[in-house]
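Student:
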Amino acid sequence: MAQSAKLVVGDKTYELPIVTGTEAEPALDISKLRAQSGMITLDEGYGNTGSCESKVTFIDGEQGILRYRGIPIEEMAEKSSFLESAYMLIWGELPSEKELTRFRDQINEHSMLHESMKMHFDGFPPTAHPMAILSSMINALSCFYPHLDELQEGRDFEEAVVRLMGQTRAIAAYSYKASVGEPFVYPRPDMRYAANLLHMMFTRPYRDYVPPTEIAEALDLIFLLHADHEQNCSTSTVRMVGSSRANLFASVAAGVCALWGPLHGGANQEVLRMLQEIKDSGISVKNIVAKAKQKDSGFRLFGFGHRVYKNFDPRAKIIKSACDRVLAKIGAVDPLLDIAKELEEAALHDEYFIERKLYPNVDFYSGIIMRAIGIPINMFTVMFAIGRMPGWIANWKEVREGNSRINRPRQIYQGPTLRTYESAREKGGLSTVTSR
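Adding 188 to a residue's 1-based position in the sequence shown gives its number in this note's numbering.
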């Protein structure tokens, strides 16, 4: 027998069905509440609102759990790769050897940008942020493949996926090359996904760049750990835009714009800016930690704690070991990295941070790794977008296949009640004029 809850308002009672997910998460179904009672719910920021039912990713923030299609992130990080995890997120199951090889080959085959697109890079000023270029160029991709603007099922959908996965990487590399005034570099079919991106970014006419295995694997791991993260701001944006039946390219471009915001995709950038400010100020890490404990100091340590994970960020534990391997491989001498290691050590052993479970999160370590690799800070969010692409595609696919209605949230209006134009003019201290 289906369970339900009762909502009592005055002398009236309304029955709300209880929907339970496969991980025993209960939710009140309020989809008919307004029709029955005339009321809606208010939940600013949607922190307690389930906007959809999804089969892609499960998070338990209290327990520090993240699973892709039911598989713990720890197992995916140990045994899988970014492209294999991308395939599973999008199509629901792990690919066979043959399917994965075909997927990789298709992405490589469709990584080349249409030659006409290269002219668009010249239209951006040298100071253009790479995220502006990325969102614009992804949107433009649909213009070059109009046959993919339809429902995008079957082979059309597969083509859209591999073009998006391959050409987003190319756009990212090209935007970097444009910003430093260097010629574009084409992808190599013999290289894996992350290694190819580094090759395209750092190869110069006089020197071919082939990244060390540890470096390429670390970037691949960053992509894998960011591949999906439930209904965050950018993923919800992709679903909302997709609900209007906008094509995959337009929907993902909207996700890029949402990710661009410093409160979402810019967290690892803030970590590096914070480290630079600490270095420039000359304040010791000990004093910085003490300052962070003072409520009235106005100072905040970026890269510690997480809005969703109230225990620990499971991705941080995984990426910490990768960070250690990269730094050991490079042997980098960087004062910012030294400060980061001191901060990490202080936070992991200070009772203030331990009691409040303010552990270093994935943004703390990913920023350190990308700086060590040589990726400029304004490209950090672009790397995030490349990694998040499979999750956006998977969620767009769910919306399209679910035949859901266009998303249309309600609001609680708090503005002026009915008034006349003349009274509004008088309140503003302006005389009434006759419009023409």
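Just so it is clear, CB atoms sit at the ideal spot from N, CA and C, and this is done for glycine as well.
Give the range of the beta strand (DSSP E) segment to which T201 is assigned.
Tutor: K200 to T208
Student: For Y394, report the span of its alpha helix (DSSP H) as first-last.
Tutor: Where Y394 is concerned, there is no enclosing alpha helix (DSSP H), given that its DSSP letter is neither H nor E.
Student: Can you tell which of K529, A573 and A361 has the C-alpha that lies nearest to the C-alpha of I557?
Tutor: K529
Student: Across which residues does DSSP place S192 in a beta bridge pair?
Tutor: P205
Student: Does the Cβ-Cβ distance between G443 and W279 come in under 7 Å?
Tutor: no
Student: Terminal residues of the continuous alpha helix (DSSP H) containing P578?
Tutor: F568 to G590
Student: Going along the chain, which unbroken runs of the alpha helix (DSSP H) with 4 or more residues stay wholly within the stretch 464-549?
Tutor: 473-481, 502-518, 523-537 and 539-543
Student: Thinking just about the alpha-carbon of each residue, which of N435, F490 and H452 is nearest to the one in K585?
Tutor: N435
Student: Tell me the DSSP bridge mates of A630?
Tutor: No answer is possible for residue 630: the residues shown for the chain start at 189 and end at 624.
Student: So what does DSSP say about Y256, is it helix, strand or coil?
Tutor: strand
Student: Which residue marks the beginning of the beta strand (DSSP E) containing I261, and which one marks its end?
Tutor: First-last for I261: I261 to K267, but that is the alpha helix (DSSP H), not the beta strand (DSSP E).
Student: Hey, out of G519, Q482 and P502, whose CA is closest to Y540's CA?
Tutor: Q482
Student: Can you grab the Cα-Cα spacing for the pair S299 / D484, in whole Å?
Tutor: In this model, S299 and D484 are separated by some 51 Å (Cα to Cα).
Student: Name the residue from E418, M227 and F568 whose alpha carbon lies nearest to the alpha carbon of V196.
Tutor: M227
Student: Consult DSSP for I594 and reduce its assignment to one of helix, strand or coil.
Tutor: The answer is coil: DSSP assigns I594 none of H, G, I, E or B.
Student: When DSSP labels each residue in this structure, what does D248 get in the three-state scheme?
Tutor: strand
Student: From the DSSP output, read off the bridge partner residues of V440.
Tutor: Per DSSP, none; premise fails for V440.
Student: If I follow the unbroken alpha helix (DSSP H) through A612, where does it start and stop?
Tutor: That run of the alpha helix (DSSP H) goes Y609 to K615.
Student: Do I410 and S554 have their CB atoms nearer than 7 Å?
Tutor: yes
Student: Closer than 8 Å is the cut-off here; do at least three beta carbon pairs connect the stretch 389-397 with the stretch 222-242?
Tutor: no
Student: If you draw a straight line from the C-alpha of L336 to the C-alpha of A480, how long is it?
Tutor: 51 Å
Student: Less than 7 Å between the C-beta atoms of D522 and N456, yes or no?
Tutor: no
Student: Count Cβ pairs between the stretch 490-500 and the stretch 446-462 that sit closer than 8 Å; are there 3 or more?
Tutor: yes
Student: Return yes when the Cβ of S422 is within less than 7 Å of the Cβ of A446, no when it is not.
Tutor: yes
Student: I'd like to know whether the C-beta atoms of V426 and N566 end up nearer to each other than 7 Å.
Tutor: no
Student: For the candidate residues N591, I506 and L216, whose alpha-carbon lies nearest to that of A265?
Tutor: I506
Student: Whose C-alpha, out of L301, R392 and P371, is nearest the C-alpha of G354?
Tutor: When only C-alpha atoms are compared, the closest one is L301.
Student: How is V373 classed by DSSP in three states: helix, strand or coil?
Tutor: coil
Student: By how many angstroms is the C-alpha of Y256 removed from the C-alpha of T208?
Tutor: Distance between the alpha carbons of T208 and Y256 is about 19 Å.
Student: So, using beta-carbon positions, are T569 and G449 closer together than 7 Å?
Tutor: no
Student: Please report the distance separating the alpha-carbon of A438 from that of S330.
Tutor: 8 Å
Student: To the nearest angstrom, how far is it from the Cα of A320 to the Cα of N327?
Tutor: When only Cα atoms are considered, A320 and N327 end up about 11 Å apart.
Student: Using 10 angstroms around the beta-carbon of P214, count the other beta-carbons present and answer buried if the total reaches 16, otherwise exposed.
Tutor: exposed
Student: Given 8 Å as the limit, is there contact between the stretch 466-478 and the stretch 365-380, that is, 3 or more CB pairs closer than that?
Tutor: no
Student: Who are V197's beta bridge partners in DSSP?
Tutor: K200
Student: List the endpoints of the continuous alpha helix (DSSP H) containing P288.
Tutor: A quick correction: the sequence has Leu, not Pro, at residue 288. Run containing L288: E285 to E297, per the alpha helix (DSSP H) assignment.
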